[in-house]
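Residue numbers (this note's numbering), protein chains in the order written: chain E, 664 to 1091; chain G, 664 to 1091. Scroll down for the structure; my scribbles are underneath it.
There are 2 protein chains.
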Amino acid sequence: MKKYSELTKEELQALKKELEAKYREYQAKDLKLNMARGKPCVEQLNLSMGMMDVLCANSDLTCEDGTDCRNYGVLDGIKEAQELLADMMEVPYDQIIIYGNSSLNVMYDTIARSMTHGVMGSTPWAKLDKVKFLCPVPGYDRHFKITEYFGIEMINIPMTKDGPDMDMVEELVASDDSIKGIWCVPKYSNPQGYSYSDLTVRRFARLKPAAKDFRIYWDNAYTIHHLYEDEQDHLVEILAECKRAGNPDLVYKFASTSKISFPGSGIAALASSHNNLDDIKEQLTVQTIGHDKVNQLRHVRFFGDIHGMIEHMKRHADILRPKFEAVIEILQRELGELGIGTWTEPKGGYFISFDSLEGCAKDIVAKCKKAGVIMTSAGATYPYGKDPHDSNIRIAPSYPPLSDLILATELFTLCVKLSSVNKYLSQM
Amino acid sequence: MKKYSELTKEELQALKKELEAKYREYQAKDLKLNMARGKPCVEQLNLSMGMMDVLCANSDLTCEDGTDCRNYGVLDGIKEAQELLADMMEVPYDQIIIYGNSSLNVMYDTIARSMTHGVMGSTPWAKLDKVKFLCPVPGYDRHFKITEYFGIEMINIPMTKDGPDMDMVEELVASDDSIKGIWCVPKYSNPQGYSYSDLTVRRFARLKPAAKDFRIYWDNAYTIHHLYEDEQDHLVEILAECKRAGNPDLVYKFASTSKISFPGSGIAALASSHNNLDDIKEQLTVQTIGHDKVNQLRHVRFFGDIHGMIEHMKRHADILRPKFEAVIEILQRELGELGIGTWTEPKGGYFISFDSLEGCAKDIVAKCKKAGVIMTSAGATYPYGKDPHDSNIRIAPSYPPLSDLILATELFTLCVKLSSVNKYLSQM
C-alpha cells in the first residue's frame, strides 16, 4: 500500500468511494460504543469486590493506635493508610495526607486555596493581575479545566518522549513570576503514556522559578499502573530529588486508588514537604473534621500492604494488556504504511495518543460519532479545548469489551482514512 | 440554699473553703474526661455496624437506573440516595446534590466558591472591599472558623428561644449590601438546642437583602435528631417557604448522616433552588468526577427508606436521652436555686448550653481542665472565640459513658460554684 500523500487524484477519488461504502456499512450496524474516558471495565471492577467483605458487622474498626475509625477526627488520615499510600507514592509516610475519594478534588482545592490564601504566605492569586500555568500538551483535560475555571492563563509546553520541553520550562519559570505552576502526569502520561526521563525529573527538581509560590503539580495518577511485568517505566522520585536539589517545597505530589480499587470510592492522597503540608493543614482544619476513615481502613485491610497492591495491579494489567495490544495492532495493520497518523505504544497508564494529519482530528471524531462510536472530543487534550494542529485524539481502550473495542478501533481507522483522503483531495 | 448573690462575705469565704476542698478531692481522682465535642459514643456507633454487612463481595452494586456504583460518574448523587436524603431534608429529590462525607466541607466549598466566583453571576467576594456575615450567637464554632478563614467580618446576632433576633437580621440585611450570608442551625441549634419558630422561618423566607448574592446558610444538622418521641420540635420547611415568598434562591440547606450512620463515613447533601444548584454544578463539574457512590448505595441499602432512618434515630435517642437527662438533673440539683447559671433543656440535637455569671466561663472551663475534664473552650460559641460576656459554655453529653458524664457534670457544677464565689468575693 502506498502512502496517501503519494496517491494521484484519481486514486484518492476511487479510494474515497470505497471507504465511504465501508463507512455506510458501519453506520448500518447502529453501534453504541464509547472510547472516550479512562474508565475501568466491569472485569477490573470485579477484582476489588472482595473489598466489600473485609469489613463486616462484627469487625473491629479500630486502628493500631486505638483510633475508632467510625468516629470523628484524624485530619490527615489513619496511619495504616498513610503507610500504604506512602509506599505506593514512594514517599515517607509522615509526608502524606490522606483525603477523600478524588485526587482531582485535592488538586482543585490546592488551586482554590492558592487563589484565596496564597502559598506559604504569598499573596493570594486572586489579588494578582495575572496568574499563569504551564501545560504540557497534549495533556489531561480535567487539569486544564481547573486552571481555566480560576481564570489562570495557560501556556502550552510541547511534550516529548522524555517529558515536557525542559528548555522551555526552565526559561519560562525563571523569567516570569506570574507563572505559578505546571501540570504534570509524569508516569504513563495522559494521553501519550510517556514517562519522564531521569534527566527531566532532575531538571524539574532544579527549577529556579521567579515566583516563590511556584509549585510543580505532579499528578502521579498511574504510578503502579503497568501493562507489563518485564517492561515497566521507572521514575526518579520527585520529592526526594527536590530535597537533594535544595528545593524541598517545590512540588505537590498527587495520587489515588481510583484505578486500583473503585473509581469514585477509592482514597486520594497528597505528598509534599512538611512546610507545604503545614500550610495545607491550616486550610484543611477549617474545611473538614476528617475524611472517610472507614474507607481508609477498608483499603488497608483489603490490600494488606504495597505488595498486595502490586499483585492486584497485575490482575488489572492482565485485563488491560490485550485491549491496548488490540488497538495498537489494528492501528498498525490499518494505518501502518499510509503516512496519515502516528500513535504511541505505552507500557502503562490508560491511554493511547493518536495524531492525525493536521486539521483532521475534529472531523475524525465527528465521523466516529455519526457511526456510533464516542471518542474523547478532539482538542480536549489541549488548554481551552484548542489543539492548534487539530490532530491529537485520545484513545481510551479500557472500558469497552474487547470485541467492541476491536470494532470501534476498526471504525476509527476507517474514519482516519476517510478524513485524510478528503484532506488530500481538498488540497488538489 | 440561698442565692449566692445574697450571701455575706463571711458566708462566701466559708463556702469557698468548702468548695476548694471538694475540688482538691476531684483533682486527686486524676480524671480524664471529655465533654468538648458532639461526638457519638461507642454504643451509638454500634447501631450502624450492620451497614458493614449490607454490601458484600457478591452484591450487585447497580442502581435502579443501571448505574454501576463502582465506576466513575454521577455528579449529583445516585437517585436512591437523593430520594433518601430528600425525605430526610423534606425537599424534592431533584433539588438536592449528594456529596462526600462532610457537610462542613460542603459549606466551606460554598463560601470558597463565592469568594472566587461569586453567587449566580455576582462579583466574586474576593474582589470586594468588605464581606460580612451574620452570626447568631451562641453558635457553632466551625461555622465561624470558615468565615474567619476567608476574612469575612462577622456580626453577632443574639439568639432567642424562637431563633435569631429577626428585627436585627431584617434591618441589617436590608441596609447593608456587604452582608452576604447568615449561619443558621435552625433545629436543635448548636449549642442551645433551640428550634426556630414558624414565624422566624417565615421572616427568614421574606428577607429583603440589599445584596443579591445574600444567602441563608441553613445547616439542618439535627433535622431528625430528637431525644423524645412525644415531644419533638417541628420546623417550617425553608425551601418551600422561600418559594412561596417569591424568594426561591435565598437559601442553601445543608445536612448529613454524620450523626446518623458514622461520623466521617456518612453522606452529606445540599438542597437548594434549581438556579442555585445549576450555579453550584458549574463548579462541581470542575472539582470532581463524582462522590463516593458505593457509600451512597450502602446507606440506601442499610436504611431502606426514611422510615428506616427514623426508627434508627429512635435507637440513638434511647442512648442519648439518659445522658441529657442526667446532665440536666445534676445542673438542676446543684445549681437550681443558686442564681449563678442558667441552661437550656433541649428536646434534640447534641448540646446543652450553659450561661454562667458574666466573666466566669473561661475560669470555669480552666478549672474543669485542671481537674481532668475537657469542656469546649469558653468563647468557642462566638465569632473570633470572643464571648463578650464570657459566660457561655457548651456542654456535649453524647460521648462519655454515663458514669463519666455524671462525674464530669458534678465537677463542672463545682467549678461553676467556685468561680461564682470568687467573682462575688472579688466584688466585695
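Every residue, glycine too, gets a C-beta built ideally from N, C-alpha and C. Please read all numbers here as calculations on a predicted model, not as lab measurements.
query                                                                                                                                                                                         : result
Grouping DSSP H, G and I as helix and E and B as strand, with all else coil, what is F813 (chain G)?                                                                                          : coil
Which residue or residues does DSSP assign as beta-bridge partners of S1019 (chain G)?                                                                                                        : G:G1004
At what residue ranges does the segment 900-942 of chain G contain a whole run of the alpha helix (DSSP H), taking only runs of 4 or more?                                                    : 901-907
Drop a sphere of 10 angstroms on the beta-carbon of M1091 (chain E), count the other beta-carbons inside from all chains shown, and report buried for 16 or more, exposed for fewer.          : exposed
What is the rounded straight-line gap between the Cα of G826 (chain E) and the Cα of M770 (chain E)?                                                                                          : 21 Å
So, does the segment 778-796 of chain E touch the segment 924-943 of chain E, judging by three or more C-beta pairs under 8 Å?                                                                : yes
Check whether the Cβ atoms of Y1063 (chain E) and M712 (chain E) sit closer than 9 Å, and answer yes or no.                                                                                   : Reading the sequence as shown, one finds Pro at residue 1063 (chain E) and not Tyr. In this structure, M712 (chain E) does not lie closer than 9 Å to P1063 (chain E) by Cβ.
Check this for me: beta carbons of A837 (chain E) and L791 (chain E), under 9 Å apart or not?                                                                                                 : no
Pick out the complete alpha helix (DSSP H) segments inside the segment 855-879 of chain G, 4 residues or longer, and give them in chain order.                                                : 861-868
Let me know the alpha helix (DSSP H) ranges lying completely inside the segment 773-813 of chain G, each 4 residues or longer, listed in chain order.                                         : 804-812
Which residue comes first and which comes last in the alpha helix (DSSP H) that contains K692 (chain G)?                                                                                      : Segment: none, K692 (chain G) is in no alpha helix (DSSP H) and carries neither H nor E.
Count Cβ pairs between the segment 976-994 of chain E and the segment 961-980 of chain G that sit closer than 8 Å; are there 3 or more?                                                       : no
Which residues does DSSP pair with D882 (chain G) in a beta bridge?                                                                                                                           : G:F917
Spell out whether any CB of chain E is found under 9 Å from the CB atom of I760 (chain G).                                                                                                    : no
Assign H888 (chain E) to one of two classes, buried (16 or more other C-beta atoms within 10 Å of its C-beta) or exposed (fewer than that).                                                   : buried
With DSSP as the reference, please indicate the residues paired to N819 (chain E) in a beta bridge.                                                                                           : E:C798
Please classify M1038 (chain G): does DSSP put it in a helix, a strand, or coil?                                                                                                              : strand
Using DSSP with H/G/I as helix, E/B as strand and the rest coil, what is N1055 (chain G)?                                                                                                     : strand
Give the residues of chain E in contact with V949 (chain G), contact being defined as C-beta atoms less than 7 Å apart.                                                                       : Y771, K808, I809, Y812
Which chain G residues sit within Cβ distance under 8 Å of S928 (chain E)?                                                                                                                    : C732, R733, D955, K956, V957, N958
Quick check: the segment 1055-1071 of chain E against the segment 691-711 of chain E, are there 3 or more CB pairs under 8 Å?                                                                 : yes
Listed from N- to C-terminal order along the chain, which residues in the segment 779-798 of chain E have their beta-carbon within a distance smaller than 9 Å of any beta-carbon of chain G? : T779, H780, P787, A789, K790
Identify each residue in the segment 680-707 of chain G for which the Cβ-Cβ distance to at least one residue of chain E is less than 8 Å, and report them in chain order.                     : R700, K702, P703, V705
Taking Cβ positions only, does G1004 (chain E) come closer than 9 Å to chain G?                                                                                                               : no
Of the residues E:G1035, E:N764, E:L960, E:R1057, which one's Cα is nearest the Cα of F987 (chain E)?                                                                                         : E:R1057
Using a Cβ-Cβ cutoff of less than 7 Å, which residues in the same chain neighbour K1086 (chain E) once the five nearest sequence positions on both sides are dropped?                         : L1020, G1022, C1023
How far does the beta strand (DSSP E) with K956 (chain E) in it reach, from first residue to last?                                                                                            : No beta strand (DSSP E) holds K956 (chain E); the alpha helix (DSSP H) holding it covers 956-966.
Considering only their Cβ atoms, is the gap separating K666 (chain G) from E674 (chain G) smaller than 9 Å?                                                                                   : no
Please state if the CB of L862 (chain E) and the CB of M829 (chain E) are separated by a distance shorter than 9 Å.                                                                           : yes
Compare the C-beta of C719 (chain G) against all C-beta atoms of chain E and say whether one is closer than 9 Å.                                                                              : yes
State yes or no: is the C-beta of P926 (chain G) within less than 9 Å of the C-beta of T1039 (chain G)?                                                                                       : no
Hey, Y765 (chain G) and A931 (chain G): beta-carbon distance below 9 Å or not?                                                                                                                : A small fix is needed here, since residue 765 (chain G) is Ser in this sequence, not Tyr. It is a contact, given that the beta carbons lie within the stated cut-off.
So, does the CB of S722 (chain E) fall closer than 9 Å to a CB anywhere in chain G?                                                                                                           : yes
What does A884 (chain E) touch in chain G if you count any residue whose Cβ is under 8 Å from its own?                                                                                        : What A884 (chain E) touches in chain G: nothing, since even the nearest Cβ is about 12 Å away.
Find the residues of chain G that neighbour S715 (chain E), judging by a C-beta separation of less than 7 Å, and give them in chain order.                                                    : Sequence inspection shows Met at residue 715 (chain E); the Ser mentioned does not correspond to that position. The answer, in chain order, is L718, C719, A720, S722.
Can you find a CB in chain E that lies within less than 9 Å of the CB of A775 (chain G)?                                                                                                      : yes
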